[in-house]
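One point on numbering: in the working numbering, the residue at position 158 of the first sequence is 1175, and numbering is uninterrupted.
Note that CB positions come from ideal geometry on N, CA and C, so glycine has one too.
Nothing here was measured: the structure is a model prediction, and the numbers come from that model.
Here the structure comes first, spelled out in C-alpha cells, and everything after it is commentary.
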Amino acid sequence: MESTSPSNFLHAIIARDLASGRVSEVVTRFPPEPNGYLHVGHAKSICLNFGLAQAFGGRCNLRFDDTNPGKESPEYVASIQEDVRWLGFEWSGPVRYASAYFQQFYDWAVHLVEQGHAYVCDLDAEQAREYRGTLTQPGRNSPCRERPVRENLDLLARMKAGEFDDGSRVLRAKIDMASPNMNLRDPILYRIRKLAHHQTGSDWCIYPTYDFAHGQEDAIEGITHSICTLEFEDHRPLYDWLLEHLPVPSRPRQYEFGRLNLNYTVTSKRKLGQLVDEGVVDGWDDPRLPTISGMRRRGFTPRAIRRFCDMIGVTRSDGVVDVAMLEHAIRDDLNENAPRAMCVLRPLKVVLTDYPADRTDWLTAPNHPTRAELGQRTLPFTRELYIDADDFREAASKKFKRLVLGKRVRLRNACVIEADEVVMGGDGAVAEVRAHTIADTIGKDPADGSKPRGVIHWVSATGGRRARVRLYDRLFHHQAPDRGENDFMALVNPDSLQLVSDAWIEPSLAEALPEQNFQFEREGYFVADRYEHSAEAPVFNRTIGLRDTWNDGP
RNA sequence: UGGGGUGUCGCCAAGCGGCAAGGCACCGGGUUUUGAUCCCGGCAUUCGGAGGUUCGAAUCCUCCCACCCCAGCCA
1018 MESTSPSNFL HAIIARDLAS GRVSEVVTRF PPEPNGYLHV GHAKSICLNF GLAQAFGGRC
1078 NLRFDDTNPG KESPEYVASI QEDVRWLGFE WSGPVRYASA YFQQFYDWAV HLVEQGHAYV
1138 CDLDAEQARE YRGTLTQPGR NSPCRERPVR ENLDLLARMK AGEFDDGSRV LRAKIDMASP
1198 NMNLRDPILY RIRKLAHHQT GSDWCIYPTY DFAHGQEDAI EGITHSICTL EFEDHRPLYD
1258 WLLEHLPVPS RPRQYEFGRL NLNYTVTSKR KLGQLVDEGV VDGWDDPRLP TISGMRRRGF
1318 TPRAIRRFCD MIGVTRSDGV VDVAMLEHAI RDDLNENAPR AMCVLRPLKV VLTDYPADRT
1378 DWLTAPNHPT RAELGQRTLP FTRELYIDAD DFREAASKKF KRLVLGKRVR LRNACVIEAD
1438 EVVMGGDGAV AEVRAHTIAD TIGKDPADGS KPRGVIHWVS ATGGRRARVR LYDRLFHHQA
1498 PDRGENDFMA LVNPDSLQLV SDAWIEPSLA EALPEQNFQF EREGYFVADR YEHSAEAPVF
1558 NRTIGLRDTW NDGP
C-alpha cells in the first residue's frame, strides 16, 4: 500500500526525536473505546497513527480503551477491527485491551496509596461536584483527604472485594484542589461499577477511569508518541503526573491534534447512535452515515478515504472541512478506477421504427475512456430501447444537448438517431418516442458532415435488466446540524433516500460482484450493494453524482 | 472575571526574519461519442487588530480582539 504521510507538525516532532536519539523507534497506537462504530473522524486518527508508524518504520497498536463496561459491547470491538483492516491498516502484534492491564492498574493504585498520593473518598457524585469548585473558584479538600494510608489500603481492598455500593466511594489522586486545571483537583482514579465486563467478565467491580488508564496503557506498550485530540490537552499534566509517580516501564509523551469536523454532517458517536437508535437511518452502516461501514456500503473506497485524510492535513487548529473535499476524493479515485456502464434511472421507451424487431446487434464498448487495459464489454442493441426521461424534450432551446423531437442525438457507444414522433400516454405524459437510426454512424459521424451536439446513454429494453437503485442525498441540508442551539434530529433531510425500483441496466451489470464500483455514464458513481445485490435481483447504491456544471435552461 | 489552546484566500493548509506553496470550491477558455474526465488561465500587495524592534516581519516583542476546550464516578 502506498504510504503517503504528508508532513505535519507530528511528523516533524518524530523526525526530531529520532534524530536526537530520544527514541530509537516510533510506536503509536489507535485507542478506540468499543462503544460505537468508527466514523470518518476516526479515519483521520487511524491514518495519522498508522501512517506515522509506517513512515518511520515503527509500529502501531490497536488498543481497545475498554474501561467503562456500561457503554461497551463485543459488537463494537468486532466492527472496529473490521473497519481498521478495511481501511488498509494492520496493527502490530495482537489486539490490545486496557482491560488486560486491570491487575497492573490496581497494583499501581495501591502503590499510589502507599506513597500517600491517593485516597479513598466517601463523597457522593453531587458532593464531589460541590467540593470541586468552579472554573473561577478553587475547590475544597474532601473530608477524606487526610485518611491514613492504612485505612485507604483497607478501603480500596474492600472496594475491590465488592463490599460497597456503586457510587458510594471512589479512589482519588491527591494533587491540588485549588489547581486552575480542573483535572488536577484530586481526579478520580477508580469507581465502583458492579457490572460484567465484555472481556473480563465478573473479575472486577471497580474500574479505572480514562485518566488512570491511558498513560499507563501507553507506558506498558512502550508507546513513544501518544496522539489524541485537542480536548485532552488539559489532561496532559495529569497524564504526566501519574507517569511520574508510578514505576512505569517507559515514558510516553502525549501530543494533541485538531479533530475532524465536516460540514453538513454530524460526527459524534452519541449523535450517530441516536440516528441509529431512533430509526432515522437503517443502522450504523447506513450509506448516509459518515461511519466507516456506512461509507463502505455507500461505495467509498479505502484509498479515497486515505487520500482525503492526506488532503485535509493535521494541525492544532480546529476547523470545519468542506464535504466537497470528501466528495472530490471519491470522485477522483472512481474516475480513475471505476469501469463505465450504462443505467437508465427513469426509463422512457424509444422505438426505432427502421430497425427489425427480431434483430440484435452486439456492440462493443470500452470499460474506461482512457484505460484500455480495463477491457471492454458488449451491449445488445435492439429495436426497443430505454433512455432517461430527462434526456428527451418535445421542444427545447439550443442549450439542451439531448434528444428533441425532429432532432438528432448520439446514443453513447452506438449510432445517431433522430426523433420522429411522440406517443402520449393516458396520463398526458410522453409514453414513447418513435425514432429512426441514421445509417452508418456507429463509431463515425453522419455522412452529411453534421455532428450531433449531444450524447445520451441508453439500455436495450429487451436485452437489459431491471434493477433497484438507491439514490442518496445529504442526511442534512444544514451546514452545521449540530452547532449551537440546533437540534440536529429536527434538521434531518426527509428526502435523503430515493428508492428507484425500475431502473434499467445493461446486462453485464447484473454480473457485478457486491461492492464493485462503477460509473454509470452521465449519472454518477454507483456500487453493487454489499449485502443485497445479486445477479437475480441487482441492487446499486449511488455513491456520488458526477460533477454537474450544466445550468438548466428552459 | 480561572486555566489551556487557536487565529494565513469562501474551506483545508504550507510558511519558522528576506519579500505569501498547494489542494478544495469558484470563474473564464480549449479538447471530448460521459454537460464527466483532461488541459490552459484567473483567484491573499497581504497573513485577527493596533503599536513596536529591524535595512527588511505572516514570521520577534507589547497590548487588544475573536473563536474553541475544561466544573462526568464518559472517553
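Query: Using only alpha-carbon positions, find the residue among F1317, W1221 and R1564 that is nearest to Q1120.; Result: W1221
Query: Following the continuous alpha helix (DSSP H) through H1385, name the residue where it begins and the one where it ends.; Result: Note, H1385: premise wrong, no alpha helix (DSSP H); not H, not E.
Query: Helix, strand or coil for Q1216? Go by DSSP, reduced to three states.; Result: coil
Query: Hey, L1173 and V1130 are a contact pair by Cβ (cut 8 Å); roughly how many whole angstroms apart?; Result: 6 Å
Query: Quick check: the Cα distance between G1087 and H1214, rounded to an integer number of angstroms?; Result: 8 Å
Query: Would you mind giving the Cβ-Cβ distance between V1450 and M1441, rounded to the nearest angstrom? I have them listed as a contact below 8 Å.; Result: V1450 to M1441, Cβ: 11 Å. No contact.
Query: Which stretch, first to last residue, makes up the beta strand (DSSP E) that contains P1225?; Result: I1223 to P1225
Query: What did DSSP end up calling Y1272 once you bin it into helix, strand or coil?; Result: strand
Query: Going residue by residue through the region 1344 to 1381, where are the continuous beta strand (DSSP E) segments of at least 3 residues, counting only ones entirely within it?; Result: 1364 to 1369
Query: Would L1492 and V1517 qualify as a contact pair, given that the criterion is a beta-carbon distance under 8 Å?; Result: no
Query: One question on the structure: do L1065 and V1043 come within less than 8 Å of each other, judged by their Cβ atoms?; Result: no
Query: Quick check: what's the CA-CA separation for R1333 versus M1199?; Result: 22 Å
Query: If you drop the 5 nearest sequence neighbours on each side, which residues of the same chain put their C-beta closer than 7 Å to that of R1175?; Result: F1181
Query: Looking at P1304 and the ligand FAD, is the gap between the Cβ and the nearest heavy atom below 7 Å?; Result: For the structure depicted, the ligand FAD is absent and the ligand set is empty, with no information on it obtainable.
Query: Along the chain, which unbroken stretches of the beta strand (DSSP E) at least 3 residues long are found entirely within the region 1481 to 1565?; Result: 1482 to 1489, 1514 to 1522, 1534 to 1537, 1541 to 1545 and 1556 to 1562
Query: Provide the residue(s) that pair with E1449 in DSSP beta bridges, ordered along the chain.; Result: K1366 and V1440
Query: Just curious, the beta strand (DSSP E) that F1047 is in, first and last residue?; Result: V1044 to F1047
Query: Could you please give me the residues that DSSP links to R1410 through a beta bridge?; Result: V1421
Query: E1435 to D1375, Cα distance in whole Å?; Result: 21 Å
Query: For P1023 and G1330, which I take to be in contact (beta-carbon distance under 8 Å), what is that distance rounded to the nearest angstrom?; Result: 7 Å
Query: Among the candidates R1485, I1030 and L1289, whose CA atom is the shortest distance from the CA of L1514?; Result: R1485
Query: In the DSSP assignment, the beta strand (DSSP E) including V1338 goes from what residue to what residue?; Result: Where V1338 is concerned, there is no enclosing beta strand (DSSP E), given that its DSSP letter is neither H nor E.
Query: Report yes or no: do three or more beta-carbon pairs, one from the region 1466 to 1474 and one from the region 1376 to 1395, lie closer than 8 Å?; Result: no
Query: How about the region 1336 to 1352 and the region 1030 to 1043: do they share at least three Cβ pairs that are nearer than 8 Å?; Result: no
Query: Looking at the secondary structure, which residues open and close the beta strand (DSSP E) in which V1187 lies?; Result: V1187 to A1190
Query: Considering only C-alpha positions, which residue in the set V1283, V1439, D1437 and A1412 is nearest to N1503?; Result: V1283
Query: Drop a sphere of 10 angstroms on the beta-carbon of G1038, count the other beta-carbons inside from all chains shown, and report buried for 16 or more, exposed for fewer.; Result: exposed
Query: Report the residue from A1431, G1481, S1310 and W1475 whose alpha carbon sits nearest the alpha carbon of V1057.; Result: S1310
Query: Could you tell me the boundaries of the beta strand (DSSP E) in which Y1093 lies?; Result: Element bounds for Y1093: not the beta strand (DSSP E) but the alpha helix (DSSP H), P1091 to W1103.
Query: Measuring alpha carbon to alpha carbon, tell me which residue in R1400, R1357 and P1364 is nearest R1394.; Result: R1357
Query: Just how far apart, CA to CA, sit L1396 and D1407?; Result: 22 Å
Query: The alpha helix (DSSP H) spanning A1135 covers which residue range?; Result: From DSSP, A1135 is part of no alpha helix (DSSP H) but of the beta strand (DSSP E) over A1135 to C1138.
Query: Does P1086 come out as helix, strand or coil in the three-state DSSP assignment?; Result: helix
Query: For R1427, write down the residues that DSSP places opposite it in a beta bridge.; Result: V1433 and V1472
Query: Can you tell me whether Y1054 is helix, strand or coil according to DSSP?; Result: coil
Query: The alpha helix (DSSP H) spanning D1257 covers which residue range?; Result: R1253 to H1262
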